[in-house]
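Structure record follows, encoded as structure tokens.
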Amino acid sequence: MKIIIIGCGKVGSTLAEELCEENHELTVIDKNPQKIQQLSEIIDVMGSCGNGSSIQVLSEAGVEEADILIAVTGSDELNLLCCLIAKKVSQCHTIARVRNPVYHKEVHFIKKSLGISMIINPEFAAAMEISRLLRFPSAIKLDTFSKGRVELLKFKLLPEFKLGGMTVADVMDKLRCDVLICGVERGGQVFIPSGDFALENQDLVSVIASPKNSNLFFKKIGVHTHQVKNALVVGGGTLGYYLAVVLSDMRIKVSLIEQKRERCEELSEILPAVTVICGDGTDKKLLMEEGLVHAESFVTLTNMDEENILLSLFAKKVSQAKIVTKVNRLAFDDIVDGLDLGSVIHPKYITADYILQYVRAMGNSIGSNVETLYHILDGR
Numbered sequence: 001m002k003i004i005i006i007g008c009g010k011v012g013s014t015l016a017e018e019l020c021e022e023n024h025e026l027t028v029i030d031k032n033p034q035k036i037q038q039l040s041e042i043i044d045v046m047g048s049c050g051n052g053s054s055i056q057v058l059s060e061a062g063v064e065e066a067d068i069l070i071a072v073t074g075s076d077e078l079n080l081l082c083c084l085i086a087k088k089v090s091q092c093h094t095i096a097r098v099r100n101p102v103y104h105k106e107v108h109f110i111k112k113s114l115g116i117s118m119i120i121n122p123e124f125a126a127a128m129e130i131s132r133l134l135r136f137p138s139a140i141k142l143d144t145f146s147k148g149r150v151e152l153l154k155f156k157l158l159p160e161f162k163l164g165g166m167t168v169a170d171v172m173d174k175l176r177c178d179v180l181i182c183g184v185e186r187g188g189q190v191f192i193p194s195g196d197f198a199l200e201n202q203d204l205v206s207v208i209a210s211p212k213n214s215n216l217f218f219k220k221i222g223v224h225t226h227q228v229k230n231a232l233v234v235g236g237g238t239l240g241y242y243l244a245v246v247l248s249d250m251r252i253k254v255s256l257i258e259q260k261r262e263r264c265e266e267l268s269e270i271l272p273a274v275t276v277i278c279g280d281g282t283d284k285k286l287l288m289e290e291g292l293v294h295a296e297s298f299v300t301l302t303n304m305d306e307e308n309i310l311l312s313l314f315a316k317k318v319s320q321a322k323i324v325t326k327v328n329r330l331a332f333d334d335i336v337d338g339l340d341l342g343s344v345i346h347p348k349y350i351t352a353d354y355i356l357q358y359v360r361a362m363g364n365s366i367g368s369n370v371e372t373l374y375h376i377l378d379g380r
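Using UniProt numbering, the letters of the sequence shown map in sequence onto residues 1 to 380.
Shown next, in the form of structure tokens:
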């Protein structure tokens, strides 16, 4: 397919790299020629320097023949304008990244009025992913498909499950659950197991099933499947706000630590059901006073990866909480994976992944089940 990406930031670059590997015809647009040059040195992509909302720039990029236009610049309004103009001059599908909470409740109206195919809010998408993990705390990763009718869950195989050394066929015969063990990660490698594949303790196992059957499967192997009752969250930014709203709707008691007093006062007004604590979330004494030792979940959402990682390591040491760590930088994936940080959330990767799912759905007839599973298991 012919795809135009407007914005060569981290999300735009990640999208371009992934889509290039799938042999799509790509054109990127950015005001900064250096970003275009850097990207073109890595992948086979056409570049156009200019404003993505300019009809002339879009025409030079081939918008009239494009199948999809993706706007992921740093400006919500520019992204929407790019999509609006593209729809006026072509029949392409349009995708816009919109982050400002002001637009959150108006997304459906904006989509319908402007004819935009998809609007993605990175922070809200990340909040939803975290909420799914807290609904099923034993999972390291949880994805949903077909509007929630199918789940893909990743978990670590522990000795107490008593499945180590058993083949996949033996496990299915013993448990008699309608689930599919679709992937096993071991020693940095990913295997798509056959029936005679033997599982080992500490494997990261991915299973696909309906919510009902996945709950039955985990119940039979002794995995805790009930959602957490409370959450201690560090960081009251946009993501922290969205997460507090979602968790409150799930009837999870939320304590939110934020350092800026003005922001605390704002959060207290708009989140009456949430306990907002004004203080330094990196203060160990404060964390202990707020009940970290007995918390069922602990989520680190500050703007600094280093703080989030250190806080999660500390929480791992002093509590049994389900831990979720936000990491923005994608370049240190291999290092982060080697640390015991619970579930790691990359908001920028989540954004790119949602958009990639839409693009792949459009080209579904070209793909195969094996390729789809390959992408689900992080392309390894």
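No residue lacks a Cβ here, since even glycine has one placed at the ideal position from N, Cα and C.
query: Cα-Cα separation, V246 to V228; result: 13 Å
query: Cβ neighbours of H93 in the same chain (closer than 6 Å, five flanking residues each side left out); result: I68 and S117
query: Other residues of its chain near R261: CB distance less than 6 Å, five sequence neighbours each side excluded; result: C278
query: Exposed unless 16 or more other CB atoms sit within 10 angstroms - verdict on I335; result: exposed
query: Candidates T300, R97 and I5, of which the one nearest G62 by Cα; result: I5
query: Cβ pair V89, E64 closer than 8 Å; result: yes
query: Coarse secondary structure for G363, derived from DSSP in three states; result: coil
query: A66, buried or exposed, once every other Cβ within 10 Å from all chains shown has been counted against 16; result: buried
query: Sheet register partners of R97 (DSSP bridge); result: I120
query: Limits of the beta strand (DSSP E) - the one that I36 falls within; result: Counting along the chain, I36 falls outside any beta strand (DSSP E), though it belongs to the alpha helix (DSSP H) covering P33 to I42.
query: Proximity of G235 and T282 at Cβ, strictly below 8 Å; result: no
query: For R176, the nearest candidate out of F217, A125, L267 and E21 (CA to CA); result: F217
query: S365 classed as buried or exposed, judged by whether at least 16 other C-beta atoms fall within 10 angstroms; result: At S365, the pLDDT of 43 sits below 50, so the modelled position is not reliable and the matter cannot be decided from this model.
query: Delimiting residues of the alpha helix (DSSP H) encompassing E289; result: K284 to E289
query: Unbroken alpha helix (DSSP H) run spanning E160, endpoints; result: Run containing E160: none; DSSP gives neither H nor E here.
query: CA-to-CA distance, F124 to I3, given in whole angstroms; result: 25 Å
query: Beta-carbon spacing of A209, M166 below 8 Å; result: no
query: Candidates C82, S255, V150 and E185, of which the one nearest G50 by Cα; result: C82
query: Exposure of H226, with buried meaning 16 or more beta-carbon neighbours within 10 Å; result: exposed
query: Coil, strand or helix - E189 by DSSP; result: Note that residue 189 is Gln in the sequence shown here, rather than Glu. Note: Q189 maps to strand in three-state DSSP.
query: Residue range of the unbroken alpha helix (DSSP H) whose run includes S59; result: I55 to E60
query: N- and C-terminal bounds of the alpha helix (DSSP H) containing D249; result: T238 to D249
query: Distance, I55 Cα to V299 Cα; result: 44 Å
query: For A209: DSSP bridge partner residues; result: E151
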